[in-house]
């Protein structure tokens, strides 16, 4: 059993996976997420700072939700995120479509290169068989 202290409230809990926060704090965080999502839906032109102040949430938490693709900036928003690879403005996530496609292609190429060759039987039809 993996027991940890919650990063938010300090209480002990049985850690399973994900961020090291207890179930109670995780539920509160999810409620805050829903509040932020609702605020953004109702106030389409709101910036990150305004949303953070209105919903009592850290700006860093909102940016994390954007990076996790749980939230997305509006197409006409003055704010944007930058692709972590090339710096192109993006609305959510960590990478632009072009960089994500390149990384996927590169990973597939590596996997194909490391794939073992198909096994050939030593018996090529000639000689005695058992």
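Residue numbers (the numbering used here): 12 to 141.
Quick reminder that beta carbons are idealized off the backbone N, C-alpha and C, glycines included.
With a beta-carbon spacing of about 6 Å, residue 55 and residue 85 fall inside the 8 Å limit used to define contacts. In this structure, residue 81 keeps its C-beta atom at 9 Å or more from the C-beta atom of residue 92. Burial is judged here by how many other beta carbons sit within 10 angstroms of a residue's own beta carbon; residue 77 has at least 16 and is buried. Between residue 51 and residue 68 the beta-carbon gap is near 11 Å, outside 8 Å, which marks them as no contact. Counting the other CB atoms within 10 Å of its CB gives residue 70 a total below 16, which places it among the exposed residues. DSSP places residue 14 outside any alpha helix (DSSP H); the residue lies instead in the beta strand (DSSP E), whose first and last residues are 14-16.
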